[in-house]
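Engineer: Before we start, here is the structure in question, set down as C-alpha cells.
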Amino acid sequence: MIEGSDCLLAVKGITVRFGGIVALDGVSFDVPRNKVCGLIGPNGAGKTTLFNCLSRLYAYQEGDLLFEGRSITHTPVHQMATIGIGRTFQNLAMFKTMSVRQNVMVGAHARSSSGFVANMLKLGHVKQEAEQMHERADEVMQYLKLTDYADRPAGELPFGIQKRVEFGRALASQPKLLLLDEPAAGLNHEELHDLGELIKDVRDRMGITVLLVEHHMSLVMSVSDWIVALNFGKKIAEGTPEHIQKHPEVIRAYLGGEAA
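Residue 608 is where the sequence shown starts when you use my numbering, and the numbers rise one by one after that.
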C-alpha cells in the first residue's frame, strides 16, 4: 500500500453484486499520485464496473473509495468533476451536433461555481467565469491540436479526432484524477502512438494522475508506472509492468494456461 500523501485514490474492499452475480469481490488497491496506473484483465473481469463505481454511476454493497483521504461513497455524480475526477467512456459520450469548442466547454463548465439564478441575471462574476471557461477551452484545444476543428460539429469529425474531443472535455474539467476507459479502442497505429505520448505528457507536464482501463497491452505496458490486474471480479496481481508481464496468475488469466 502507498503511504499518506503519495496516495491519491484508495480502493478499499469494493464489492458489487448484481442479483446473484458478484461483479467485484473485495477489490483493494492504491493509485499513486502523479502516476499512470493501468487496470487490466480479460473481458468480464470487472474493470468497467469499478470505473462506474469511481464515477458514482454504480453503488457498491461493501467497501469504500477514498479520494485524497476522504470517502466519496456518498458524493453525488454531479459533484465528481468538482472534487477533481474526470472520465472518458468506452463509447463516445459527446454532444454530436454541438461544436468541438462547445463540447470542450462542457468539461470546463463542470467546474463552474455559478448557479442558475446568477446565470439568468448575468451577474458580473458569471461573465468573468464564462471568459475563463472560454480561455480554458481554447488552451485545451490548442494542446490537443483541435483548434482547426473548433467550430465544426463534433459528430462530423473522424473517429480519432472525436476521441480527442472527449479527452479534451475531460481535461477541461481540470481533473486531479483522469479515468480513461479504453481510450485506444478504434484507433489506428499512428493514433495509438500519439495517445501514448499524450497520456505520458498529461502525467509529466500537468501532474495529472491517470487510471487507465485498456486492452492494448503494448500501450498499457509503455505508459503505466503501476498496474493492477483483475480476473472474475478479484484482484490477482499488482506491480510494475515488468512484474505483471511475468506474473503467473496474469499469464493464466489471459492465456488460459500455466506460466512458462
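Each residue gets a CB set at the ideal place from its N, CA and C atoms; glycine is no exception.
Note the first and the last residue of the continuous alpha helix (DSSP H) segment covering residue 710.
Structural biologist: Run containing residue 710: 707–716, per the alpha helix (DSSP H) assignment.
Engineer: Would residue 664 be called buried (16 or more neighbouring beta carbons within 10 Å of its own) or exposed?
Structural biologist: Exposed, since its Cβ has fewer than 16 Cβ neighbours within 10 Å.
Engineer: Do you know offhand how far residue 737's Cα is from residue 708's?
Structural biologist: Their backbone Cα atoms lie some 13 Å apart in a straight line.
Engineer: Rounded to the nearest angstrom, what separates residue 739 and residue 649 at their Cα positions?
Structural biologist: If you take the alpha carbons of residue 739 and residue 649, they lie about 42 Å apart.
Engineer: Can you say whether residue 685 is buried or exposed, counting buried as having 16 or more other CB atoms within 10 angstroms of its CB?
Structural biologist: By the neighbour-count rule (16 or more Cβ atoms within 10 Å), residue 685 is not buried but exposed.
Engineer: Which stretch, first to last residue, makes up the beta strand (DSSP E) that contains residue 635?
Structural biologist: Looking at the DSSP string, the run of the beta strand (DSSP E) that includes residue 635 is 628–639.
Engineer: According to DSSP, is residue 803 part of a helix, a strand, or is it coil?
Structural biologist: Reduced to three states, the DSSP call for residue 803 is helix.
Engineer: Which of the three DSSP states, helix, strand or coil, is assigned to residue 846?
Structural biologist: Residue state, collapsed to three classes: strand.
Engineer: Return helix, strand or coil for residue 671, following the three-state DSSP convention.
Structural biologist: Residue 671 falls in the strand class under three-state DSSP.
Engineer: Could you tell me the distance, in whole angstroms, from the CA atom of residue 763 to the CA atom of residue 635?
Structural biologist: Roughly 41 Å separates the two Cα atoms.
Engineer: On the three-state DSSP scale, how would you describe residue 758?
Structural biologist: DSSP places residue 758 in coil when its eight states are reduced to three.
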